[in-house]
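Letter by letter, the sequence shown follows residues 0 to 300 of numbering that gives the first Met the number 0.
The beta carbon of each residue, even a glycine, is placed where N, CA and C say it ideally should be.
All of these numbers come straight from a predicted model, not from anything done at the bench.
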Amino acid sequence: MHRGFKALGGTDPPPWRFGCALRPAVVLSALVGLLVGCSGSDQLTYTGPEEAYQKGMDQFEEKDYQRSIRLFRAVFEYGRGNEWAPKARFQLALAQRELGKHLVAANEFQRFTQLYRNNELLPRAEFERANSYYLRSPMYRLDQSDSRQAISLFRLFIDRHPNHDLVPEAEEKIEELRGKLARKKYAAGQLYEERDMWKAATTVYEDAFDQYPDTPWADDALFGAVRSYIQYADRSVQQKQAERYQKAIQNYNRLTQLFPESDLAKEAEELYTEARNKLDRVQARDGEQSLAQEDTSGGSN
């Protein structure tokens, strides 16, 4: 047919003639099929904010958190002030947490506290924001920024809602996180000891006790301070030795007074005896040197 068209003196037919003329219909049909395929079971249908919220809760209970998030967000299409919006915002944050997105969840809970300051869920949202950082808290050797943030937010929650049912849980988690921070501090002191950095070790151990005296690592920190001060004094110039052995003894006294039942008591007593004996020798030596200097000074007169 193409040759016949040309034989009659015409030109080549335009590309849209003949077979190509069906392309728009084919493309349209394909697009419709694609849309139907994509929308299928994943299509969200709801008639208002209440239905969107209820369907979101159904999906949440079925552990389809991605779909529940989409439905909770659909509630906001009707304005963030509609009666279902606060609950949807709260559940949206919980769904993000279930997906392991704890920082996203924390931000969603914070958003709730900013938008709905008079809502009955406000205290719970403040608690869950803190809890999101608690869930991000890593093992003690790693950076503890999230642990500190969780402690700060739990304390804020307790200050604002001292009679809330969740206060005991918040206090328990603060105690746990502080224990982790204390352990990290204590581990830093151990590291300085291993590197023979005795001055740094004594400082870190004393800081660990001063900052976390109510944690399970408090007596360990004092014991570490006793041990490190003895090593520090052994390596010090004569004029500083007595002072540092005395520091070891002072930390031993704190240990025995505050933690008389400590498992470290026996070992600490051995270190105390060592520090006491060394201090006595140093003081005797210093006394002899002082007398010798006086004799020398008197003889020169």
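Local conformation of residue i per DSSP, three classes
i	result
Thr272	helix
Phe4	Note that Phe4 scores a pLDDT of 36, beneath 50, so its modelled location is shaky and nothing firm can be said.
Thr202	helix
Gly223	helix
Leu43	coil
Asp233	helix
Asp285	helix
Val25	A caution first: Val25 carries a pLDDT of 40, below 50, which makes its placement in the model too unreliable to give a value.
Arg280	helix
Asp195	coil
Leu34	Low per-residue confidence applies at Leu34: pLDDT is 36, beneath 50, and the placement is therefore not dependable, though the value from the model is reported in the following sentence. Here Leu34 sits in helix by DSSP.
Cβ pair residue i, residue j closer than 8 Å
i	j	result
Asp218	Ser151	no
Ala104	Ser131	yes
Tyr139	Lys172	no
Val225	Ala241	no
Ala84	Leu43	no
Ala129	Phe111	no
Glu107	Gln95	yes
Leu120	Ser146	no
Gly47	Gln90	no
Ile229	Leu270	yes
Glu127	Ala92	yes
Lys315	Asp206	The structure shown has nothing for residue 315, since the chain only spans 0 to 300.
Tyr204	Ala181	no
His101	Arg135	yes
Arg79	Leu114	yes
Ile157	Ala149	no
Phe71	Tyr52	yes
Limits of the alpha helix (DSSP H) - the one that residue i falls within
i	result
Asp262	Where Asp262 is concerned, there is no enclosing alpha helix (DSSP H), given that its DSSP letter is neither H nor E.
Thr112	101-114
Val74	64-74
Gln249	237-257
Asp57	48-60
Pro215	Segment: none, Pro215 is in no alpha helix (DSSP H) and carries neither H nor E.
Asn88	The question names Asn, but residue 88 in the sequence shown is Arg. Where Arg88 is concerned, the enclosing alpha helix (DSSP H) stretches over 84-97.
Cβ-Cβ separation, residue j to residue i (assumed contact under 8 Å), whole Å
i	j	result
Ala274	Tyr244	5 Å
Glu192	Ala200	5 Å
Leu254	Leu221	4 Å
Tyr64	Leu98	5 Å
Whole alpha helix (DSSP H) elements within the stretch 119-193, 4-residue minimum
121-135, 144-159, 166-193
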